[in-house]
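Asks: The letter at position 104 of the sequence shown is residue 109 when you use my numbering, and the numbering goes up by one with no holes.
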Amino acid sequence: MKKMSLLLALPAALLLTALMPLGASASVPHRGPTSEFEAYVTLFNQTNHVLTRKASHLDHGCWNTEPSSQIQPRTAVYWRSDSCGAFTGTEGWVTYTIEGSGGQGYAYAHWNLPYFGSNSFDGTAGGLFTMTVQGNNERHAQVNYTLKCVIPGC
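1. Would you say Thr-151 and Gln-51 are within 8 Å of each other, going by their C-beta atoms?
2. Excluding sequence positions up to five away, which residues of its chain have a Cβ less than 7 Å from the Cβ of Thr-135?
3. Is the stretch 70 to 82 touching the stretch 120 to 127, taking contact as three or more C-beta pairs under 8 Å?
4. Exposed or buried, what is Pro-34 when buried is set at 16 or more other beta-carbons lying within 10 Å of its beta-carbon?
5. Ordered along the chain, which non-local residues of its own chain (more than five positions away) have a Cβ less than 6 Å from that of Tyr-83?
6. Under the three-state reduction of DSSP, which class applies to Ser-120: helix, strand or coil?
7. From Gly-131, Gln-75 and Gly-158, pick the residue whose C-alpha is nearest to that of Leu-107; which is it?
8. Once DSSP output is grouped into helix, strand and coil, what is the label at Thr-102?
9. On the DSSP bridge assignment, give the partners of Ile-156 in chain order.
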């Protein structure tokens, strides 16, 4: 009789395990990507100015790590957005004002990892500043934005 109870309990345990939400077990550490699409974004501030976040938004996806509210001179910061729905990618943007630029300086970064099609990245800067962008076409994409001054010493 005990053998029969054990045999009946095993399929029930397997069914409960199959119905458990993904990631419900805190005892198993997660390694590797957590979403189908992930944008790993780094902004390198190669200026002598503090950047202050003016706005940020995700058109698609969820923040894993939000963009920093401030970026100190000569430092880099990292943020990440992930897909968080069926058949979606992740797309977002962030705008920073450049302190001490007389209101003319800004930095804008935009990334798009669509479910269908190719990744796209763009960035612009205003005032005496320029922004370069490098990114790849992977589902777990790394994109680097580099903000520089147009003239030396700025």
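Ideal placement from N, C-alpha and C gives every residue a C-beta, glycine not left out.
Replies: Quick answer:
1. In contact: Thr-151 and Gln-51 (Cβ atoms closer than 8 Å).
2. Lys-153 and Val-155
3. Output reads no: the stretch 120 to 127 does not touch the stretch 70 to 82.
4. Bear in mind that the predicted position of Pro-34 carries a pLDDT of just 30, short of 50, making it unreliable; the figure below should be weighed with that in mind. Looking at its Cβ environment, which holds fewer than 16 other Cβ atoms inside 10 Å, Pro-34 is exposed.
5. Thr-47
6. Note on identity: in this sequence residue 120 is Tyr, with Ser being the wrong assignment. Coil, per DSSP.
7. Before going further, note that residue 107 is Gly rather than Leu in the sequence given. With distances taken between Cα atoms, Gly-107 lies closest to Gly-131.
8. Taken through DSSP and simplified to helix, strand or coil, Thr-102 comes out as strand.
9. The partner list for Ile-156 (beta bridge, DSSP) is empty, contrary to what the question assumes.
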